[in-house]
Each structure stands twice: as structure tokens, then as C-alpha cells.
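Encoded as C-alpha cells, the structure appears first; notes follow it.
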Amino acid sequence: MRVILMTGKGGVGKTSVAAATGLRCAELGHKTLVLSTDPAHSLADSLDLELGHQPSLVRPNLWAAELDALMELEDNWGAVKRYITQVLQARGLDGVQAEELAILPGMDEIFALVRMKRHYDEGIYDVLIIDSAPTGTALRLLSLPEVSGWYMRRFYKPLQKMSAALRPLVEPFFKPIAGFSLPDNAVMDAPYEFYEQIEALEKVLTDNTQTSVRLVTNPEKMVIKESLRAHAYLSLYNVATDMVVANRIIPDSVSDPFFTRWKQSQQQYRQEIHDNFSPLPVKEVPLFAEEMCGIAALERLKETLYADEDPAQVYYHENTLRVVQEQGQYSLELYLPGIPKNQVELSKTADELNIRIGNHRRNLVLPQALAAMEPAGAKMEDDYLKIRFAAPQPLGSAAS
Numbered sequence: 005m006r007v008i009l010m011t012g013k014g015g016v017g018k019t020s021v022a023a024a025t026g027l028r029c030a031e032l033g034h035k036t037l038v039l040s041t042d043p044a045h046s047l048a049d050s051l052d053l054e055l056g057h058q059p060s061l062v063r064p065n066l067w068a069a070e071l072d073a074l075m076e077l078e079d080n081w082g083a084v085k086r087y088i089t090q091v092l093q094a095r096g097l098d099g100v101q102a103e104e105l106a107i108l109p110g111m112d113e114i115f116a117l118v119r120m121k122r123h124y125d126e127g128i129y130d131v132l133i134i135d136s137a138p139t140g141t142a143l144r145l146l147s148l149p150e151v152s153g154w155y156m157r158r159f160y161k162p163l164q165k166m167s168a169a170l171r172p173l174v175e176p177f178f179k180p181i182a183g184f185s186l187p188d189n190a191v192m193d194a195p196y197e198f199y200e201q202i203e204a205l206e207k208v209l210t211d212n213t214q215t216s217v218r219l220v221t222n223p224e225k226m227v228i229k230e231s232l233r234a235h236a237y238l239s240l241y242n243v244a245t246d247m248v249v250a251n252r253i254i255p256d257s258v259s260d261p262f263f264t265r266w267k268q269s270q271q272q273y274r275q276e277i278h279d280n281f282s283p284l285p286v287k288e289v290p291l292f293a294e295e296m297c298g299i300a301a302l303e304r305l306k307e308t309l310y311a312d313e314d315p316a317q318v319y320y321h322e323n324t325l326r327v328v329q330e331q332g333q334y335s336l337e338l339y340l341p342g343i344p345k346n347q348v349e350l351s352k353t354a355d356e357l358n359i360r361i362g363n364h365r366r367n368l369v370l371p372q373a374l375a376a377m378e379p380a381g382a383k384m385e386d387d388y389l390k391i392r393f394a395a396p397q398p399l400g401s402a403a404s
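Numbering (this note's numbering), first residue to last: 5 to 404.
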């Protein structure tokens with residue numbers, strides 16, 4: 005199965021791009037599912053159709069769905085939900101409040117991963133397009149396999165064993181005092197079963213022959229900054245980006261003086277997008293005269309984006325940015341084919357690494373792990389510029 009994740013800052017048009025990509029894939033004969041995992045769904049509005057939790061046929065070979073966290077919770081974690089509800093009711097909350105609060109913060113992100121894994125295992129579709137939450141939430145979603153694994157190995161498994169051993173001894177005294185029972189095996193097993201599914205999905209997410217992220221951005225300073233930061237963090241989790249979509253570019257045909265400064269500003273930022281994401285392919289999409297709502301409008305977007313191309317292809321196979329940790333040290337590896345090291349100049353300002361190659365300059369927003377460190381050397385190897393990072397020396401350490 006080909007998996008394509010569309011992400012970007014809120015409001016950049018990623019839902020429209022996801023829907024248009026699905027239209028083109030279906031047109032080429034790929035059985036395609038566009039799945040919205042954004043808690044603030046807009047996929048149904050984009051298609052101008054009613055959508056629910058289960059996939060609905062939109063047109064031949066194209067299905068669409070919007071993840072319902074409540075239904076996913078009941079279907080996959082009913083025992084845990086009922087236990088949390090029981091605990092909350094024992095603490096004085098009424099039924100409705102307890103039901104609502106049974107969905108813990110971040111659960112919708114976990115269910116998005118589990119839903120992806122289920123579709124992958126079922127193998128019904130050829131292409132799965134994820135219209136994900138805005139960038140920050142999407143990145144938390146992608147970090148879940150690694151983070152959950154750390155907690156499961158160090159905390160949850162020992163707690164699970166301890167609970168199983170103590171439950172028969174403590175339960176007779178616990179329930180009369182607390183008003184609810186200790187969790188049974190069904191409740192204790194559910195989180196670990198989830199973790200096993202997420203861990204298996206990590207292999208799919210990090211396989212760049214199957215899974216790609218497409219960053220949707222606008223030619224605006226703040227949006228570009230967030231897109232660059234997203235690219236760096238995606239690389240930290242070894243998730244490949246194969247394309248950048250620069251959306252809502254004011255067409256040359258717009259001649260009203262009101263837009264003159266906007267067009268000049270966009271021209272500068274368009275160049276920054278190409279320079280800073282190079283060598284990733286960048287597709288530019290104009291600001292259309294009408295709202296991207298309904299199949300007819302999305303058809304025009306589809307033609308602009310892909311023409312006669314197959315969106316299911318992997319547009320770029322190299323990981324343009326890699327963050328590697330070896331023996332407690334970090335290095336950032338930047339794909340710069342054909343560039344000799346003596347043409348590269350490096351400097352760092354706050355959380356940005358400034359790279360100058362001849363007359364071209366590229367700013368990389370660093371992951372938090374590297375932002376607090378300083379570049380400690382660089383070398384060119386196999387078309388990658390490999391930059392080592394080290395913790396800054398304490399003041400006065402050199403003198404001592």
C-alpha cells in the first residue's frame with residue numbers, strides 16, 4: 005500500500021491538496037482512501053459531501069472518511085473507556101461528563117495511527133492519503149511509536165505485572181473504599197496491544213518506498229518557517245518528505261495595484277521555498293478565483309497539481325535531511341549532490357543553521373535536540389554534508 009501524509013500549518017490548503025490527490029489517484033485506477041485525522045475535520049466540506057467514520061464511496065475507486073475518536077475508542081478500547089468512566093463517576097462526575105472525559109488528551113492521535121495500521125493490514129486500498137492535523141499535532145503523531153515504546157518498556161510492563169500479582173490481594177479492601185474496582189486484565193492489556201500495533205506501523209512510516217510526507221505551504225514567512233521546522237522534525241523520526249506544495253500564489257494575470265506588494269513579497273518567498281527545500285521538488289499552485297469546495301473545483305486543482313502524472317509515485321527517493329545519533333553524539337546529514345565541501349559556509353543563530361553555498365543561502369530550523377548544541381565540524385561524504393554537533397563548552401572551561 006502507498007501511504008501519503010499531507011501536512012502543513014493550519015489553513016494552508018492541505019485538505020484540498022489531499023482531496024485533489026485522491027481524485028487523480030482514483031482516476032488512474034488506484035483504489036484510494038482519503039482519511040481525515042484532523043480533529044477539526046474539513047474533508048467533507050472540501051468534497052461538499054456528507055462523510056462519516058466509515059469510508060464512503062465518493063466516485064469510482066475513491067473513498068473518503070473522517071476519523072471519529074469516540075467511535076474508534078469504543079471499537080478498539082471499550083474496556084478501558086468503561087473503566088475510566090467508572091473511575092470518574094466514582095469521583096462524582098455525572099454520566100455525560102465522565103463519558104466525554106474518558107477520551108484522554110492525545111487519544112485522537114493514537115487512534116489515527118491505529119486506523120492507519122488497520123487499513124494497511126486489510127490491504128483493501130492501493131493508496132491511503134492521510135489528511136492529517138496541522139503540523140505540530142501531526143509531528144506528535146509521528147513521534148508516538150518511539151515515545152510510547154520508551155514508556156512501555158520502562159514503566160508499563162513492570163506496572164502490568166505488579167497489578168496482576170496484587171489485584172487478588174488488594175481488591176477486597178480497595179473497592180469499598182475507592183468506589184471502583186482495580187483494572188482487570190482486559191483493561192491492562194489494551195494499552196500494550198495498542199503499542200504493539202503502533203510499533204509495527206513505525207516500520208511502514210519509515211519505509212520511504214511506501215510512505216511519504218507532502219508538505220503544503222504558502223509563500224509567507226511564518227508558514228515557511230513552520231514548514232522548514234516540520235521537515236527537520238520529520239527527518240528526526242526518519243519519515244521521508246518527497247514533495248513540497250507551494251499553494252495560493254497570486255497569478256501574474258492579477259494586475260490590481262492592491263496586490264502589487266503581495267506579489268513582490270510572494271516572489272521573494274517563492275524563491276526561498278525552492279532554495280530552502282532543494283533538492284525536493286516543489287509544485288506551485290495559484291490562488292484560484294473561487295473557493296476550493298466541491299468536486300468541480302477540486303478537479304481544476306488536480307489538473308494544476310498533477311496534469312498527466314501519477315501522484316502515487318515517490319517523487320523523491322533520498323532523505324534530503326537526516327539526524328543521526330551515534331555513541332551519544334548527534335550529526336545532521338544534508339543531501340547536497342555535486343557540492344564540494346570548500347564551497348560550504350556554516351553559521352548558527354539560535355535554532356537556525358545558516359548554510360551558504362556560493363550565492364545561495366539555506367536556513368535550516370533545527371530540531372530541539374540540536375538547537376542547544378553547536379556545530380563541531382563537517383565533512384562531505386556520499387553527496388551528504390555531514391555536520392557534527394557538540395554541547396557548548398561552559399564559560400571558562402577553555403582556561404581551566
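For each residue, glycine too, the CB sits at the ideal point set by N, CA and C.
Starting from the C-beta of residue i, find all residues in its chain whose C-beta is less than 6 Å away, skip the five residues before and the five after it, and write them out in chain order.
i, result
"residue 281", "248"
"residue 34", "130, 131, 316"
"residue 392", "335, 380, 381"
"residue 52", "297, 298"
"residue 256", "none"
"residue 323", "244"
"residue 345", "384"
"residue 209", "215, 243"
"residue 93", "102"
Out of curiosity, what's the CA-to-CA distance linking residue i and residue j?
i, j, result
"residue 277", "residue 267", "15 Å"
"residue 395", "residue 274", "35 Å"
"residue 117", "residue 56", "18 Å"
"residue 132", "residue 25", "11 Å"
"residue 372", "residue 339", "20 Å"
"residue 32", "residue 9", "19 Å"
"residue 265", "residue 271", "10 Å"
"residue 120", "residue 261", "47 Å"
"residue 237", "residue 216", "14 Å"
"residue 126", "residue 354", "46 Å"
"residue 360", "residue 16", "29 Å"
"residue 54", "residue 123", "21 Å"
"residue 91", "residue 242", "39 Å"
"residue 11", "residue 295", "20 Å"
"residue 66", "residue 29", "8 Å"
"residue 330", "residue 384", "18 Å"
"residue 293", "residue 5", "35 Å"
"residue 263", "residue 207", "47 Å"
"residue 228", "residue 320", "20 Å"
"residue 370", "residue 332", "18 Å"
Would you call the CB atoms of residue i and residue j closer than 8 Å?
i, j, result
"residue 69", "residue 62", "no"
"residue 50", "residue 302", "yes"
"residue 285", "residue 253", "no"
"residue 251", "residue 21", "yes"
"residue 97", "residue 71", "no"
"residue 214", "residue 7", "yes"
"residue 327", "residue 239", "yes"
"residue 135", "residue 19", "yes"
"residue 389", "residue 348", "yes"
"residue 378", "residue 368", "no"
"residue 305", "residue 235", "no"
"residue 41", "residue 137", "yes"
Going by other Cβ atoms of all chains shown within 10 Å of its Cβ, with 16 needed for buried, is residue i buried or exposed?
i, result
"residue 102", "buried"
"residue 13", "buried"
"residue 337", "buried"
"residue 196", "exposed"
"residue 100", "exposed"
"residue 23", "buried"
"residue 231", "buried"
"residue 233", "buried"
"residue 128", "exposed"
"residue 223", "buried"
"residue 172", "exposed"
"residue 402", "Here the model assigns residue 402 a pLDDT of 49, short of 50, so the residue's position is not dependable, and the following value carries that caveat. Residue 402 comes out exposed."
"residue 283", "exposed"
"residue 300", "exposed"
"residue 313", "exposed"
Which same chain residues, not among the five before or five after residue i, have their C-beta less than 7 Å away from its C-beta?
i, result
"residue 351", "358"
"residue 75", "57"
CB-CB under 8 Å to residue i, same chain, minus the five flanking residues each way: which ones, in chain order?
i, result
"residue 287", "247, 248, 249, 250, 309"
"residue 60", "53, 54, 67, 68, 69"
If we cut at 8 Å on Cβ distances, does residue i have a partner in chain D?
i, result
"residue 75", "The structure shown contains no chain D; it is built from a single protein chain."
**Report entry** Completely contained alpha helix (DSSP H) runs for the segment 243-316, where each covers 4 or more residues
**Finding:** 264-281, 299-310
Report task. Would you list, in sequence order, the uninterrupted beta strand (DSSP E) runs of no fewer than 3 residues that lie entirely inside the segment 331-386? Result -> 333-339, 348-353, 356-361, 364-369, 378-385
Query raised in the report: Going along the chain, which unbroken runs of the beta strand (DSSP E) with 3 or more residues stay wholly within the segment 36-80?
Result: 36-40, 60-63, 66-70
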